[in-house]
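One structure is given below, encoded as structure tokens.
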Amino acid sequence: MRRLLLLLLGLLLLHQGRCFEFVIDGEWEDETSHLDHRERHKRAILTSEEQEDFEAIRGDDITVKSYKVESRITSRFAHTTVRSSVVNSGSKAQSIGFNVQIPKRAFITNFTMNVNGITFVGSVKEKTVARNLYAQARARGKAAGIVRTNSQEMETFKTEVHVPPGSNIEFELHYQEMVHRKLGSYEHSLHLQPGRLVPQFQVDVYIFEPKGIAVVQTVNTLGAQFTDLIKVTSTKDKAHIVFKPNIQQQRKCDNCTDSAIDGVFTVKYDVTRDSNAGELQVSDGHFVQFFAPSNLSPLPKNIVFVIDVSGSMWGVKMKQTVEAMQAILDDLTIDDHFSIIDFNHNVRCWSEELVPASSIQVADAKKYIQNIKPNGGTNINEALMRAVQMLVRASNQGLIDPRSVSMIILVSDGDPTVGEIKLSTIQKNVKRVMREEFSLFSLGIGFDVDYDFLERIAMENRGMAQRIYANHDAAEQLRTFYSQVSSPLLRRITIQFPEDSVSDVTQNRFDKYFSGSELVVAGKVLPSESNTLTSFTTASASRLDITLETEADTTELDMELAKQQHSFTGFARQMWAYITIKQLIAERSLAPTAVKKRKITQRIMSLAVEHQFVTPLTALLVESEDATERLLADSPRDPKHGCCSGIGGGSASSGLAPVRVVYQPPPWVQMTTMAPPSQAEKGPEEWAQPQQINLVDNDPHFIIHLPRSNMDVCFNIDSKPGHILNLVSDRGTGVVVNGQLIGSKQMHKNKLSTYFGTISVYYQPDGVGVTVSPVSIAMTDDRNNHSFTWGATADIAQDGVRISIVKDSHVSIIINDNIQVIVLLHRVWKKHPINVDFLGLYIANDNQYSPLVHGLIGQFSTEPEVSVSDIHEGVDPLKKEATMEVKGNRLHVTRGWQKDYRRDRRRGSNIYCWFIHNSGKGFIDGHYTDYIVPHLNSFLQTL
């Protein structure tokens, strides 16, 4: 699918170089807004023919000295420059064209041209201002060009200049765009079609991602002969992709004079993410928050497929749709519910109600799809009404999970011809009946459908639209779109900031987040004495409520950017403006009143001029240095194509109307007494836990606090790596806490130290388990598996279990508000020859267990009678020795100390205790080997 942006600047340059004559081709916005139905279709047909003979530089007898493309991508924002130097080598004056294909979502920011020493420099102005200036030049016999758009996904910027023989012309075009994430990677495409051999042909793509680049690769559609000519070099946070074929390498064959370079040069990459909280970047007084969590279980889906089977779908369109639906239905899971509505002049339902996506139901639905025979008219309104009613009934009857995602996917190739045919009325009807928790996704096949309408109706109902090309790979296009929305991970996402820290924030509430995509929020940072900006993201997952915290230094990134040779230093400011303008344009298309529309229009024009973006409401005025010669490029909106797509991988909470930014942090942030991440290294002053605790830390040392006796008793467990020790086992409350041992990297003094490498807390009544390791914190149940890293402060709640993670410090697991377990993270130098990362466990003394509780720590919830006598000097003068009587045993004990690392994670605090030798023998019930269990969620067998 391609969209054509045509700038025709027919320029006649006389030998004196002082007089210009321009030819205008195209329509103004106000002239295109009332095109009739036939004219819209006529315009849509032009593009494929125009595209076939596209070439970057046009001319009959010319020499293209150079053609260079450079993209600088910094933090997902790309600035692309296309330069070319051309000479009229012929003996006659002729027109030379400079054509550049750019993505439709990009904004042109400048165009300059030098013709025999006369330089034309561009500047973006409000369209009326630009036209007035242009008209003044035109009145003196000087004119300019106009942009003509159609329904292609790409735009073609075209310039023609008529010059005498021997003339030298230099062209330079700039455009900017945000690189979107789809299906797990960012994709940046450059269309390369020079149309001839070029002595200096070069493409450079520079990527800088402050948090690191996880993977970078190129997608070669130019031909196998160029595979080895694309060079990729990368470091932790930078990558450089270069394509620089010489003239011989550009040839179609050894003796050919035609260029083989004709296609799309695509770079795909993804970034390193150290947490699910997202990436917050601050630069040049602006911030950008990227949010792309992973390792979460998908939410169940309720989908109604609404398929156009009118006569116009006959042939390849229907064949490709059926093929795609077969694959899509196979992708449904048993947790999903679905139905199918097909419509022409009538509306039919495969099933009147949503049904589970069992193998039997899916097989039956595939047979139904296979037997569809397209004919008749198009009744879109009635089909959508039936789809909404189906979802409403299922919701009212409690047939669907309240945390599931409900969506309608509309596939159509034409405008309505039966029933309600007024598009604005259909839009109002759908908006009126759609519930807030439903979303509508629109797929327009071919160019007979009013894509602008499909995009409006989708955006207004928390969805998005996409055009599908009616060709041999239409089925793959349908499947790819479905893949983007088939795995919703989160609902009701809100990204918030502390009060008085930010302003002018873009959309910060999203209806849902899909796996492999990314949500992006940007804004301005207000002056502050603090160098730290914090964000809080709240969302709902499958059975989970999540709050995530992340922070950024407000000065660090600017210092780093200043060191980078090929970074785009103004990326944050431009990205904020880019997102804001895109959202305002979408909001303008949905404006309910003329007054509201005018206000939005003024805001768009102001921002576009300030940030130099050519939009449907601004124009690029290109003028000579003395301002006597002017050219004009503007971008009228095409009534068959929406101006922009949604930003990020989610949908707005109420269409794309502006959402008032909520600045207050979520309640838990104010209620908790845990330290902020900046204090985590030295240890928080106060933890949200009782002071009296039992703990096991280091290799592993147990400390049991006996309140009545006002003493602490210590013992070690000398077991083997891989063994799982039961720490708390309470069948009465259904709580079990186990720890799995890991060994040091090698023996030290003929001894292999062991540590807890995994701590598991399992709550049987809800079937919820929390597994903590030095790498991640996983929360699982019988259907879902969600994983979080130590890289961000977070709060997660599921049923009666709540997890609070403090970044790189500790995690607190609270069950039913009466049992608390805290796991402390110990990290060591990665290259340490002996030590490994490990965990410490801290359990409150006042946890409310049942009388059935046991385990290495749990058994002491009922305090045993303990007496210590015969205290005397020991072998070590610093450690006294004594006799302890406990549980009918007389034990030889030594006075010593062990470490409590809650307040000082590096050195720990000394806790003086009586040490029990031989792995606690005589103090614990039975032998320590009795506490070895087979699985992390295993309860202890009765001793």
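Final position of the sequence shown in this note's numbering is 1079; the numbers increase by one with none missing.
Every residue gets a Cβ at the ideal spot worked out from N, C-alpha and C, and that includes glycine.
The structure displayed is predicted, hence computed values, not measured ones.
- Here the region 745-761 makes no contact with the region 343-354; the two share fewer than three CB pairs at distances below 8 Å.
- Within the same chain, Cβ atoms closer than 6 Å to the Cβ of residue 1021 are found at 1003, the five residues on either side in sequence being excluded.
- By the 16-neighbour rule on beta-carbons within 10 angstroms, residue 348 is exposed.
- Assignment of residue 950 by DSSP, reduced to helix, strand and coil, places it in the strand class.
- Approximately 7 Å separates the beta-carbon atoms of residue 438 and residue 530; this is inside 8 Å, confirming the contact.
- Between the alpha carbons of residue 236 and residue 718 lies a gap of roughly 22 Å.
- Annotation for residue 990: no beta strand (DSSP E) segment contains it, and DSSP assigns it neither H nor E.
- Contact between residue 585 and residue 555 does not hold, since the beta-carbon distance rounds to 16 Å and is not under 8 Å.
- Taking C-alpha positions only, residue 326 is separated from residue 418 by approximately 28 Å.
- Straight-line spacing of the CA atoms in residue 262 and residue 217 works out to 23 Å.
- Annotated three-state conformation of residue 468 is coil, per DSSP.
- Nearest neighbour of residue 526 by Cα position, chosen from 1000, 570, 831, 372, turns out to be 570.
- Counting every other CB atom within 10 Å of its CB across the protein chains shown gives residue 1056 a total of 16 or more, marking it as buried.
- By the criterion of a C-beta distance shorter than 8 Å, residue 592 is surrounded in its chain by 563, 725, 726, 778, once the five residues flanking it on both sides are discounted.
- In the three-state reduction of the DSSP assignment, residue 750 falls in the coil class, being assigned neither a helical nor a strand state.
- Residue 569: member of the alpha helix (DSSP H) spanning 559-569, first to last residue.
- Uninterrupted alpha helix (DSSP H) stretches at least 4 residues long and entirely within the region 1009-1077 occur at 1053-1056, given in chain order.
- Taken in chain order, the unbroken stretches of beta strand (DSSP E) that lie wholly in the region 481-543 and span 3 residues or more are 483-485.
- Under the 10 Å beta carbon count, residue 391 is surrounded by fewer than 16 other beta carbons and is classified as exposed.
- DSSP, reduced to helix, strand and coil, places residue 875 within a strand of the structure shown.
- One thing to note: residue 898 has its Cβ no nearer than 7 Å to the Cβ of residue 878.
- Where residue 912 is concerned, the enclosing beta strand (DSSP E) starts and stops at 912-916.
- The C-beta distance from residue 416 to residue 423 rounds to 6 Å, short enough to meet the 8 Å contact threshold.
- Sequence-distant Cβ neighbours of residue 748 in its own chain, meaning closer than 6 Å and more than five residues away, are 245, 260.
- Considering only 1031, 516, 912, 624, the residue with the shortest C-alpha distance to residue 973 is 912.
- As computed with DSSP, residue 351 is found in a beta bridge with 406.
- Given a length threshold of 4 residues, each whole run of the alpha helix (DSSP H) inside the region 651-734 is given here in chain order: 692-699, 707-725.
- In chain order, 215, 342, 702, 704 place their CB closer than 6 Å to the CB of residue 208, counting only its own chain and leaving out the 5 sequence neighbours on each side.
- The Cβ atoms of residue 542 and residue 574 lie closer than 7 Å to each other.
- Look at the beta carbons and you see the region 314-330 touching the region 642-658: at least three pairs across the two are nearer than 8 Å.
- If you ignore the 5 residues before and after residue 408, its C-beta comes within less than 6 Å of the C-beta of 347, 348, 350, all in its own chain and listed in chain order.
- For residue 446, the closest C-alpha among the options 691, 459, 514 is that of 514.
- Three or more Cβ pairs closer than 8 Å define a contact, and the region 386-400 falls short of that threshold against the region 662-674.
- Under the DSSP assignment, residue 432 falls outside any alpha helix (DSSP H); it carries neither an H nor an E label.
- Here residue 858 is exposed: its Cβ has fewer than 16 other Cβ atoms, across all protein chains shown, within 10 Å.
- Residue 251: member of the beta strand (DSSP E) spanning 243-251, first to last residue.
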